[in-house]
Each structure stands twice: as structure tokens, then as C-alpha cells.
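Numbering (the numbering used here), first residue to last: 3 to 266. Notes follow the structure.
In C-alpha cells:
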């Protein structure tokens with residue numbers, strides 16, 4: 003399909019891309035309309051390889067001739083950089099954005115049956131942390147992710163970008179019944195490991211082989227950490243040993259260390 007020129011930010015054909023920096027607006031627009039936005043050629047190609055269907059692409063007109071491998075049945079819109087910035091609300095450094103159709107999430111029981119190692123996230127609502135965590139999960143051997151109802155959207159543009167498209171590589175499910183979902187995870191044969199700096203936490207490297215067999219690592223939001231409900235539902239409280247009086251790490255950093263330890 004030949005490129006279609008966009009000269010006005012009000013053009014109705016590019017409604018998917020408006021105000022991409024407005025988190026509240028995007029949260030109300032994207033999931034209900036069954037779409038998400040991918041930024042950058044690498045991330046877009048990973049979405050395509052994962053089987054997501056492209057709705058359209060929007061590219062800086064200077065880069066239109068450099069792009070390859072985009073679906074022929076999705077419109078390719080081009081715009082000058084100032085118009086592109088007016089549409090999206092930011093300078094599109096990577097030169098290309100694409101809108102994709104979402105897919106139905108994997109049912110929780112199916113997700114649990116097919117996984118050996120889980121990350122279970124409670125209240126993780128910072129998109130950059132969520133994206134970094136998914137990237138580490140994909141790289142270090144976590145099979146699937148379970149999200150509490152108040153977690154951020156893994157397919158929000160910033161999360162997708164920070165993950166370098168690895169959110170497409172890890173199946174995930176969103177709980178509709180929290181914290182009861184934790185009992186469901188245990189009943190599926192997992193050991194619930196709650197990450198916490200509490201004094202009674204066991205050092206990750208001291209877990210027994212049985213506790214490592216099918217681990218489900220619980221991680222809470224930056225700052226407050228896990229709720230009392232999650233801590234009480236866990237089988238073991240675990241921690242990364244700290245030095246120099248430091249009491250905790252950024253949740254995405256802590257997750258990466260814990261993933262490596264549990265999957266080695």
C-alpha cells in the first residue's frame with residue numbers, strides 16, 4: 003500500500019496516535035478500543051513476529067522509504083516531524099509508530115498449567131518498571147506473569163518500549179479476583195515466594211530445592227511493597243541480602259536478580 007500523507011494533526015485517520023503522552027487518556031482509549039501502540043522498528047517487528055495484527059503505521063516522512071517488512075494490508079501514514087509531534091505530543095525519536103490489535107489474554111488456568119516459574123505482580127503501576135521487569139523475565143527464564151487488577155497495562159507504549167518488545171514474548175494473565183488468585187496459584191503446585199525486606203525473610207540463595215521447584219515470585223509496587231494479604235498468603239518470605247545499610251532495591255532491579263537466582 004503506498005504511503006498516505008498526513009498534513010493535519012486533526013486528520014481522523016490517525017486517531018489512534020493522538021496525545022500519546024497523556025496516560026489517563028490513553029488508558030481510557032486503548033484497551034476499550036482493543037489497540038496498543040508500538041514505537042520503533044525493532045519493537046514493531048517483534049510485535050509482528052509474535053502474531054499481533056497491525057492496524058496502521060505512522061512514520062516521519064523522511065523515513066518512509068527506509069522501512070521494510072511492514073504488512074501490505076495496513077495503511078502507512080507519513081507526516082512531517084512537526085505534524086508528527088503535534089499528533090503524538092512528543093518528538094518521535096525512532097521515527098515510526100504502529101497501532102496494533104490486542105489479543106485475548108491467556109486464561110489463568112491455562113497459563114498456570116503451562117508454566118514452571120512465575121512472576122506475580124501486585125499493584126505494580128509504573129510502566130517503566132513493568133516494562134523492565136518483563137524484559138528481565140524473558141531474558142532470565144520466567145515462563146509467565148500474573149498481574150493483580152491494579153497493575154499497569156503491559157501493552158502501554160512506555161512499557162512496551164522499555165521492554166524492547168519482550169512483553170510480547172511472555173504470556174500473562176490479569177487476575178479478576180485478588181488476593182484469592184494467590185490460593186489458585188498455590189493449588190496449581192507453585193510455592194509462593196514473597197519478596198520483602200522484612201527481618202524474617204529468607205535469603206534467596208538459601209531456598210531449598212523443593213522451594214525452587216515451581217516458584218511463584220511475588221513482587222509489590224515500588225515503595226509500599228506487598229500488601230499484608232499477599233504476605234500472609236505466601237509460603238516463604240524471601241529477600242536479597244543487602245549491604246551498607248541499604249534496605250531495598252528498585253523493584254525491576256530486584257526482580258532481575260531474583261529471576262536469575264531462581265532460574266540458574
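No residue lacks a Cβ here, since even glycine has one placed at the ideal position from N, Cα and C. All of these numbers come straight from a predicted model, not from anything done at the bench.
If you look at residue 148, you'll find it in the beta strand (DSSP E) that goes 146–149.
Residue 120 sits away from residue 132, with the two beta carbons spaced by 9 Å or more. Take the alpha-carbon of residue 52 and the one of residue 38: they are about 14 Å apart. In the same chain as residue 236, and ignoring 5 residues on each side of it, the C-beta atoms closer than 7 Å to its own belong to 194, 195, 196 and 220, in chain order. In terms of Cβ geometry, residue 223 and residue 127 form a close pair [threshold 9 Å]. With fewer than 16 other Cβ atoms inside 10 Å of its own Cβ, residue 7 counts as exposed. Excluding its 5 nearest sequence neighbours in each direction, residue 261 has C-beta neighbours in its own chain below 7 Å: 138, 139, 142, 143 and 144, listed in chain order. In this structure the segment 88–96 does not touch the segment 66–75; the number of beta carbon pairs closer than 8 Å is below three. Secondary structure note for residue 176: it is in no alpha helix (DSSP H), and the uninterrupted beta strand (DSSP E) holding it is 174–176.
Residue 25 places its beta carbon less than 9 Å from that of residue 129.
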